[in-house]
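Quick note: the sequence shown uses the numbering used here, first residue 586, plus one each step. All residues carry an ideal CB built from backbone N, CA and C; glycine is no exception.
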Amino acid sequence: MMPQSQVFRKFRAAHYCYWAMSSAILGYWAVYFQGERNIAESEIGWMMSIYVSAALLGQYAFGFIADKLRSLRALVVGAALLFAAVVAAMPFQTESIGIRTTMALLGFLQQPIGPMLDSWTLKYLSQHVQPSAFGRIRSFGSLGWATVALLTAYLILYIAWTMLFVVAMVAALLLAAVAATIPDAMNTESSARSEGESLTMRRSLVQLFGNPSYCFILAVVFLMYLGVQTTFNYQGLLIKAAGGGVAELGWTFFFGVMCEMPAMFLSVWLLPRLPAKRLMAIAGTLYMVRYGLIIYFQTSSIVMLTACLEGIAFGLLLSSLRSYVFSVVDEEVQTLGMTVVDATFLGLTVIIGGVLGGWLIERYSVFTMVAACAISSGLALMLLLVGGSLSDQAVSAKRVVESGRHEGKDDDDFRVARP
C-alpha cells in the first residue's frame, strides 16, 4: 500500500499540472488567435461562448459518469489524454469550423478535470486523514497557474507562439501520468446502499436539487461570482480605465494568484475551528472591500494591489466551499455536486456576466459595472450572514444520520472535525 505522504505528493503534483495546463492555454489562446491568426474579435467572442457552453455540458456529463462508475482515476486520466490530443491538433486548424470544434472539445474536457480532482482529493482525505487538509494540497494548483503562466509568456516571447500549445500538452500528459499512479477513491457507503438501484442523471439531479443546503450554496455561489467573475473577465478594461497598461494587468493577475496559496494553507488551520459558511462570509467581505477601494480611488495601482484581497478571498472561499459541498451532498453524487458548482461559478456566471458587464460598460462606465458587481456579491454575503437557517437544519440532520460522527456539536453550521 502506498504511504500517505507519497499519495499527498502525487495529489499536489496532479493539481500543479492541471492548473499549469489551464494557465498555458486559457491565458494566451485569445491573444494568439487575434495577433497571430488575425481572427476577428467577434469570432473570438463566439469561440469563448462555445468553450463555456461545452464546459457546462462537460461538468454535468463527467460528474454523473464519475458517480455512476464510482471511480475518478480513469476519467481524469482519459480527459487529460484527450485534452493533450486536442491541444496538439489546435495549431493546425485553419477553418472556422475546425477552430470552433477544438474550442468546444477543450471546454468539454478541461473544465471538469478540476472539480473531479478536488472530489478525488477530498474523498481520499476523508477516508485517511481529514478534509481540512485540502487547502494544503490544492494550493499547489495556484502555484502551477502562477509559475507556468509566466514561463509560457517568456517561451512565447523568445521562441514562438506555438509554445503555449506545447506547454499545455506536456502538462496534460504529466497530469495523466501522475493521476494514473494515485489510488482511486471509491464510494463505499453509497455503493452498498444503492447496489440494486441504478444511478441515473434524473435521480442524481433530484438528490442534488432536492437538498436545501446544496441549493442554498448554489445561490450564494452564483450571486457572489456573478460579481467576481465579471470583474475578473473585464479586468483589462478596468485597468485601462484606471490609467494602467499591460504591465499592470500582468502584475494584477500575478498578485492575485500568489495570494491564493497562503490563504489555502491558512484554511487548513481555520476549517477545523470555524464554520465553513463563516469562512465564506469572510471571503465575501474581502471581495466587498476590494470593490469599495476600486470605486473610491479609481487608480490602476489600487486595482493591482487589491488583487491580493481577491486572491486571499478566493483561497478561503474555495477551500471552505469544497468542504461544505462535500459534507452536505450524499456520497453517491458528490462528484456531480462538485462539477455542478463549478458549472455555476465558472460557466453560468461568465455567460450572464459577460453580457450584462459589456452592456453596463458600453452604456455607462467600467466603474458602474464594478458597482453592479459589488451589489451582486453583497447579496451573496447577506445570504451567508442571515439566510442560512434552512440549510443549517439540513446539515444538522445529515450529521445525525451519518454514524454519529458529529454528535453533540452545535447545529449552527458545518465544521470540519478536528483530528
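Do residue i and residue j have their CB atoms nearer than 8 angstroms?
i           : j           : result
residue 598 : residue 756 : no
residue 604 : residue 726 : yes
residue 664 : residue 697 : yes
residue 852 : residue 901 : yes
residue 803 : residue 865 : no
residue 694 : residue 671 : yes
residue 766 : residue 752 : no
residue 720 : residue 849 : yes
residue 658 : residue 764 : yes
residue 702 : residue 600 : yes
residue 612 : residue 734 : yes
residue 669 : residue 754 : yes
residue 856 : residue 904 : yes
residue 760 : residue 602 : yes
residue 708 : residue 770 : yes
residue 938 : residue 811 : yes
residue 844 : residue 795 : no
residue 919 : residue 827 : no
residue 747 : residue 676 : yes
residue 968 : residue 808 : yes
Measuring CA to CA, which of the options is closest to residue i?
i           : options               : result
residue 822 : 915, 946, 663 and 671 : 946
residue 841 : 731, 698 and 673      : 731
residue 829 : 728, 948 and 887      : 887
residue 680 : 858, 624 and 914      : 624
residue 894 : 739, 966, 878 and 671 : 878
residue 724 : 899, 884 and 618      : 899
residue 970 : 943, 870 and 824      : 870
residue 916 : 656, 846, 668 and 590 : 656
residue 935 : 868, 806 and 867      : 806
residue 596 : 706, 634 and 711      : 706
residue 825 : 964, 788, 885 and 636 : 885
residue 768 : 786, 789, 713 and 919 : 713
residue 955 : 592, 594 and 942      : 942
residue 621 : 742, 833, 682 and 636 : 742
residue 590 : 718, 800, 645 and 683 : 718
residue 636 : 687, 606 and 607      : 687
residue 889 : 939, 855 and 820      : 820
residue 953 : 939, 968, 892 and 880 : 880
residue 683 : 646, 632 and 708      : 632
residue 914 : 811, 789, 846 and 833 : 789
residue 594 : 868, 968, 801 and 710 : 710
residue 606 : 587, 792, 592 and 667 : 667
Could you have a look at residue i and say whether DSSP puts it in helix, strand or coil?
i           : result
residue 730 : helix
residue 818 : helix
residue 608 : helix
residue 837 : helix
residue 613 : coil
residue 682 : helix
residue 745 : coil
residue 787 : helix
residue 656 : coil
residue 770 : coil
residue 587 : coil
residue 663 : helix
residue 723 : helix
residue 776 : Model confidence at residue 776 stands at a pLDDT of 46, short of 50, so the residue's coordinates are unreliable and nothing is read from them.
residue 887 : helix
residue 827 : coil
residue 625 : coil
residue 598 : helix
residue 765 : coil
residue 740 : helix
residue 702 : helix
residue 856 : coil
Got a sec, what are the start and stop residues for the alpha helix (DSSP H) residue i sits in?
i           : result
residue 962 : 951-971
residue 911 : 892-913
residue 941 : 934-948
residue 867 : 861-882
residue 925 : 919-928
Hey, would you say the C-beta of residue i is under 7 angstroms away from at least one heavy atom of the ligand ATP?
i           : result
residue 801 : For the ligand ATP, the structure offers nothing, since it holds no ligand at all.
At least three beta-carbon pairs within less than 8 angstroms, the region 815-827 to the region 953-963: yes
Touch test, the region 909-929 against the region 639-654, Cβ-Cβ under 8 angstroms, three pairs minimum: yes
The region 928-948 / the region 632-645 touching (three or more Cβ pairs under 8 angstroms): yes
The region 905-919 touching the region 855-872, judged by at least three CB pairs closer than 8 angstroms: yes
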